[in-house]
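To start, the structure itself, in structure tokens.
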Amino acid sequence: MFRTHDCNALRKSDIGQQVTLAGWVNVTRDHGGVIFIDLRDREGLTQVVFRPEENAELAREAHTLRSEDVIQVSGRVAARLPGTENPNLASGDIEIIPSKLRILNRADTLPFPIDTEPQNEDLRMTHRYLDLRRPRLSRNLQVRHRVAKATRDYLDSQGFVEVETPILSKSTPEGARDFLVPSRIMPGKFYALPQAPQQYKQLLMVAGVEKYFQIARCFRDEDLRADRQPEFTQIDIEASFVTPDDIFAVTEGMLAAIFKAAFNVDIKTPFDRLTYREAVSRYGSDKPDRRFGMELVDLGEIFRESSFKVFRGVLDAGSVVKAINAKGFAGITIGQVDELTEIAKLHGAKGLAFIKIENGEWKSPIVKFFSDAEKAALKSKLQIEEGDCVFFGADKWEIACEVLGRLRLRIAEIQELHGRARPEPAPRGEGAPDWDFLWVTDFPLFEWSPEENKWNAMHHPFTRPKAEDMPLFDAKKFPDVRAEAYDVVLNGVEIGGGSMRIHEPQLQEKMFEVLGITAEDRQSQFGHLLHALRLGAPPHGGIALGLDRLVMLICGEQSIRDVMAFPKNNRGIDLMTQSPSEVDPRQLRDLSLKLAKDKKT
RNA sequence: GGAGCCUUAGCUCAAUUGGCUAGAGCGCCGCCCUGUCACGGCGGAGGUUGCGGGUUCGAGCCCCGUAGGCUCCGCCA
Numbered sequence: 005m006f007r008t009h010d011c012n013a014l015r016k017s018d019i020g021q022q023v024t025l026a027g028w029v030n031v032t033r034d035h036g037g038v039i040f041i042d043l044r045d046r047e048g049l050t051q052v053v054f055r056p057e058e059n060a061e062l063a064r065e066a067h068t069l070r071s072e073d074v075i076q077v078s079g080r081v082a083a084r085l086p087g088t089e090n091p092n093l094a095s096g097d098i099e100i101i102p103s104k105l106r107i108l109n110r111a112d113t114l115p116f117p118i119d120t121e122p123q124n125e126d127l128r129m130t131h132r133y134l135d136l137r138r139p140r141l142s143r144n145l146q147v148r149h150r151v152a153k154a155t156r157d158y159l160d161s162q163g164f165v166e167v168e169t170p171i172l173s174k175s176t177p178e179g180a181r182d183f184l185v186p187s188r189i190m191p192g193k194f195y196a197l198p199q200a201p202q203q204y205k206q207l208l209m210v211a212g213v214e215k216y217f218q219i220a221r222c223f224r225d226e227d228l229r230a231d232r233q234p235e236f237t238q239i240d241i242e243a244s245f246v247t248p249d250d251i252f253a254v255t256e257g258m259l260a261a262i263f264k265a266a267f268n269v270d271i272k273t274p275f276d277r278l279t280y281r282e283a284v285s286r287y288g289s290d291k292p293d294r295r296f297g298m299e300l301v302d303l304g305e306i307f308r309e310s311s312f313k314v315f316r317g318v319l320d321a322g323s324v325v326k327a328i329n330a331k332g333f334a335g336i337t338i339g340q341v342d343e344l345t346e347i348a349k350l351h352g353a354k355g356l357a358f359i360k361i362e363n364g365e366w367k368s369p370i371v372k373f374f375s376d377a378e379k380a381a382l383k384s385k386l387q388i389e390e391g392d393c394v395f396f397g398a399d400k401w402e403i404a405c406e407v408l409g410r411l412r413l414r415i416a417e418i419q420e421l422h423g424r425a426r427p428e429p430a431p432r433g434e435g436a437p438d439w440d441f442l443w444v445t446d447f448p449l450f451e452w453s454p455e456e457n458k459w460n461a462m463h464h465p466f467t468r469p470k471a472e473d474m475p476l477f478d479a480k481k482f483p484d485v486r487a488e489a490y491d492v493v494l495n496g497v498e499i500g501g502g503s504m505r506i507h508e509p510q511l512q513e514k515m516f517e518v519l520g521i522t523a524e525d526r527q528s529q530f531g532h533l534l535h536a537l538r539l540g541a542p543p544h545g546g547i548a549l550g551l552d553r554l555v556m557l558i559c560g561e562q563s564i565r566d567v568m569a570f571p572k573n574n575r576g577i578d579l580m581t582q583s584p585s586e587v588d589p590r591q592l593r594d595l596s597l598k599l600a601k602d603k604k605t
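Under our numbering, think of the first position of the first sequence as 5, with each following residue one higher.
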């Protein structure tokens, strides 16, 4: 037996016991005579004391110990000398007086210190196994496990069955770029790694599974971000004979179970709901962060008859004038104005108009165009006070909302209005950050793609239109057709989304038609699904939640890389294994593949 | 595909205006130290300033290029 206890197990009540511990040397404090070793395992720290007068040979050996050496010590649990207890350590009342020391493995000089927050992510990734030893990442992995287990337990309790679906699957033209896997047996043909188990889970509904879930790995060959990896994990859920309310209820129950398991906190259910239209109008985003105000206010009423030509012209053209009031932001610097203007232009605005309220004065080049009545109306509608700064967006609804929404988030960031990143999870229940859950519903069914000059499905091509919007669909008023689709948002981050699916073959055909998929392509790419819909497909719908993002938020991390064991960097490279890598020409020959051009040398 | 920031010792960072024999803390090595918990003290080793050009009497610093890292936009049904 390697050990009798872990390094966070021994307390006052164990004094006098003979124990054996094993772990890593966290730190050594060598006084020449007495030597202290903090022994660490994943559970915590225990202090080991070597005294030359008790065992000179052991002390001599202990003197050679360095950080991250792996050792085993056997000895007696002793009370610390009065006054030397360490209240910062769970095991701080006791220490081990060893009678035996085994050095299981010595460690080289470390590439980076693991007892401080390392800055160089490159280095951390190259030695990820070392990085993961750090208590924070070790904790993140454990939280992730708790979340996954709570998910399985809850969904099982609700009658959901976990079914695995293929990783080697079929490429489809819709959506993200596929990762491809060449077939050896079928030269020239390729599997695709699934972007999501979407079609499989619908086919499982046709198969009569009724309630399916899977903690599923998904793959998308797109450019990366802090919260995007080429492979990531979804909690994938699908059920038959359900309405959106059923999906909402099971999702809320599951998230409640997850937060109970991870934090022992009770989150408030049911979640609030906002329509897409409302979310974008009020927050300039389809995933609003509602933990602070600064809502978008429509000023159409005020400027409808204005003599200020810019606003009047925008309104006359059917566009909108909106504003946000950044409370206490009149002290904005020139650099910040430039940055915000840059953001506004980047998202389609021509410029950025704003008013600073300083020393009782409205400072802005546009104020002189406002009448007294307009100023009074602005003041009451935006609740303008001394020290505020008001930003305007005058443009088409989509652009004005988007621009002000982006400004709102950036200003909040500058003012640190939303909860700061926490280095440690909040203590159980207490002082926990606000967990603002929200459903956003009634997404548009289609979005226009100017590049492709065609309609695309906003969610995916299997999403059903809202029943009351079917007349609009039939009348080809595509921009106005709403989908039976929804997202679940947590603190301004989209953590999941889903929809009711099309179960009627005729409607699915119509949908493909609008999306510009030829009858031939429909058969070759979706023939199996269309056929299945003809053989007794029940009404069904579901949702998928991004497990990585959810765990990231729960752990208070800024990047999903910090909640994945072995993530890739922002070019999709695993720095530890150096993958992707070149392969032996024979492997290519087996696959009937030839590289288009020789690699650059 | 585009933009921004970054790259100096194993790690984290300094280095006034272009003047330098490139420093500090941690780590490492050696010596000392018997109650620390980021132990302490003394000494030492460790650098082609990412790489390649250029300007200059002189470049870590200025210019051009290039590689790598991070963040964002596009993209991600």
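We put the beta carbon where it would ideally sit given N, CA and C, even for glycine.
DSSP beta-bridge partners for PHE450?
ALA461, per the DSSP bridge assignment.
Nearest CA to the CA of ASN363: which residue from ASP293, ALA334, LEU382 and ASP446?
It is ALA334.
Can you look up ALA541 in the DSSP assignment and give me helix, strand or coil?
ALA541: coil per DSSP, three-state reduction.
Across which residues does DSSP place GLY391 in a beta bridge pair?
Answer is none; GLY391 lacks a bridge partner.
For GLU561, does the count of other Cβ atoms within 10 angstroms reach 16, so buried, or fall short, so exposed?
So GLU561 counts as buried.
Using the C-alpha atoms, what's the distance from LYS598 back to GLN591?
If I take the Cα positions, the gap works out to 10 Å.
The beta strand (DSSP E) that contains SER78, what's its start and end?
That run of the beta strand (DSSP E) goes 74-83.
What do you reckon, are the CB atoms on PHE183 and PHE223 nearer than 7 Å?
Yes, the Cβ-Cβ distance between PHE183 and PHE223 is below 7 Å.
Taking the beta carbon of PHE1 as the centre, do at least 16 other beta carbons fall within 10 Å, making it buried, or is it exposed?
Beyond the ends of the chain as shown, which are 5 and 605, falls residue 1; an answer cannot be given.
Determine which residues share a DSSP beta bridge with GLU99 and list them.
GLU99 is bridged to ALA82.
Determine the direct distance from the alpha carbon of GLY409 to that of ALA430, and round the result to whole angstroms.
Confidence is the limiting factor: at ALA430 the pLDDT is only 41, short of 50, which leaves the residue's position unreliable, though a coordinate-based value still follows. For ALA430 and GLY409, the distance between alpha carbons rounds to 29 Å.
Restricting to Cα atoms, I'd like to know which of LYS514, GLY550, GLY27 and ASP578 is closest to LEU610.
Residue 610 cannot be examined here, being either before or after the span of the chain that is shown, 5 to 605.
Where do the N-terminal and C-terminal ends of the alpha helix (DSSP H) with MET129 fall, by residue?
Element bounds for MET129: 125-130.
Have a look at THR169, ASP227, TRP401 and SER368 and flag the residue whose alpha-carbon is nearest the alpha-carbon of LEU319.
Comparing Cα positions, the closest option is TRP401.
Excluding sequence positions up to five away, which residues of its chain have a Cβ less than 8 Å from the Cβ of GLU378?
The residues are ILE306, PHE307, SER310 and PHE312.
Taking only three categories from DSSP, how would you classify CYS559?
Correct three-state label for CYS559: helix.
Find out if the Cβ-Cβ distance for the pair ALA196, PHE296 is shorter than 7 Å.
For ALA196 and PHE296, no; Cβs fall outside 7 Å.
Measure the C-alpha to C-alpha separation of LEU549 and PHE217 and round it to an integer number of angstroms.
Roughly 11 Å between the two C-alpha positions.
Measure the C-alpha to C-alpha separation of LYS264 and GLY96 and round it to an integer number of angstroms.
Rounded to whole angstroms, LYS264 to GLY96 spans 29 Å at the Cα level.
Identify, in the order they occur along the chain, each residue of the same chain with its Cβ nearer than 7 Å to the Cβ of LEU411, setting aside the five sequence neighbours on each side.
Within the same chain, LEU411 has close Cβ partners ILE328, LEU344, ILE347, ALA348 and PHE395.
Output needed for ILE403: all residues of its chain with C-beta closer than 6 Å, excluding positions within five of it in sequence on either side, in chain order.
If we look at ILE403 and ignore the five residues flanking it on each side, its Cβ neighbours are GLY352.
How far does the alpha helix (DSSP H) with LEU141 in it reach, from first residue to last?
Start and end: 139-161.
Look up VAL314 in the DSSP assignment and say whether it is helix, strand or coil.
Here VAL314 sits in helix by DSSP.
Give the secondary structure of GLN419 by DSSP, where H, G and I count as helix, E and B as strand, and everything else as coil.
Residue state, collapsed to three classes: helix.
Just the C-alpha distance for SER173 and ALA487, rounded to the nearest angstrom, thanks.
Answer to the nearest angstrom: the Cα atoms are 27 Å apart.
Can you check whether the CB of ILE547 is closer than 7 Å to the CB of ILE241?
Yes; because the gap between Cβ atoms is below 7 Å, this pair is in contact.
Give the secondary structure of GLN340 by DSSP, where H, G and I count as helix, E and B as strand, and everything else as coil.
Note: GLN340 maps to helix in three-state DSSP.
Take ARG188 and list the residues in its own chain whose beta-carbon comes closer than 6 Å to its own, dropping the five residues that flank it on each side.
Contacts found: ASP594 and LEU595.
Please state if the CB of LEU537 and the CB of GLN512 are separated by a distance shorter than 7 Å.
Result yes, Cβ atoms of GLN512 and LEU537 sit closer than 7 Å.
Pull the bridge partners of SER502 from the DSSP assignment, please.
This sequence places Gly at residue 502; Ser is not what is there. Beta-bridge pairing links GLY502 to TYR490 and ILE547.
Short of 6 Å in beta carbon distance, which residues of its chain neighbour HIS532, apart from the five on each side in sequence? Order them along the chain.
Same-chain partners within the cutoff: there are none.
Which residue comes first and which comes last in the alpha helix (DSSP H) that contains GLN202?
202-210 is the extent of the alpha helix (DSSP H) around GLN202.
Just the Cα atoms here: how many angstroms apart are HIS131 and ASP588?
Their Cα atoms are separated by approximately 26 Å.
What does the alpha-carbon distance come out to for the pair ARG277 and ASP399?
C-alpha separation (whole angstroms): 27 Å.
Report buried or exposed for GLN202, applying the criterion of at least 16 other Cβ atoms within 10 angstroms of its Cβ.
GLN202 comes out buried.
Count the CB pairs spanning the segment 489-497 and the segment 444-461 that are closer than 8 Å, and state whether there are at least three.
Enough Cβ pairs lie closer than 8 Å, so yes.
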